Structures are given as C-alpha cells and as structure tokens.
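Visitor:
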Amino acid sequence: MNIEYLDHLKGKCIESAILISDDKDRVTGAFRDILVIRFDDGSKLIVKSYDIEEYASGFDIKYVVEGEKK
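Read the sequence shown against the working numbering and you will find it ends at 361, with the numbers running on by one and no gaps.
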C-alpha cells in the first residue's frame, strides 16, 4: 500500500504506538523494524521495513504498509 492511500486515517486519534526492533523475518531471515500504531476506533497501521534490498544494493530499503479499516 502506498502512503497516498492512507486517507482513511485522517482525523483518527492514536491510542498507542510501539516500535519492534530487530524482528527476524521467518522467510528471509533478515532483521527488520516494525511500527504498530493503534487508533482509538480499534483499527491499526503496521509499517514494516524490509532490508532484503539492502543486502543487494547496500542502501536501498523498501517499506511495506499494511492497513486495517474499521
């Protein structure tokens, strides 16, 4: 999901946020950071940093955003 598609989050209040560092990916074995934001209506936004490309190029980091609408 591209960041421009997050309009449904406008006006929501953040209830909590947590950063999980050095989470090991089960498939690739790579370590990544995960940011989980929970909103007051029960929805959440998960942002995961994928460093698979970092190993290939040395600097390119891709981000994947998973959203849940309520």
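Don't be surprised by glycine CBs; every beta carbon is placed ideally from N, CA and C. If you're wondering where the values come from, they're calculated on a predicted model, not measured in any experiment.
Mark residue 336 as exposed unless 16 or more other C-beta atoms lie within 10 angstroms of its C-beta, in which case mark it buried.
Guide: The residue is buried, with at least 16 neighbouring Cβ atoms inside 10 Å.
Visitor: Measure the beta-carbon distance from residue 307 to residue 329 and round it to whole angstroms, keeping in mind my assumption that it falls under 8 Å.
Guide: That pair is a contact at about 5 Å.
Visitor: Is the beta carbon of residue 311 less than 8 Å from the beta carbon of residue 325?
Guide: For residue 311 and residue 325, yes; Cβs fall inside 8 Å.
Visitor: Pull up the distance between the alpha-carbon of residue 303 and that of residue 339, whole angstroms please.
Guide: Distance between the alpha carbons of residue 303 and residue 339 is about 21 Å.
Visitor: Excluding five sequence neighbours on each side, which residues of the same chain lie with their C-beta closer than 7 Å to the C-beta of residue 313?
Guide: Only 322 meet the Cβ criterion.
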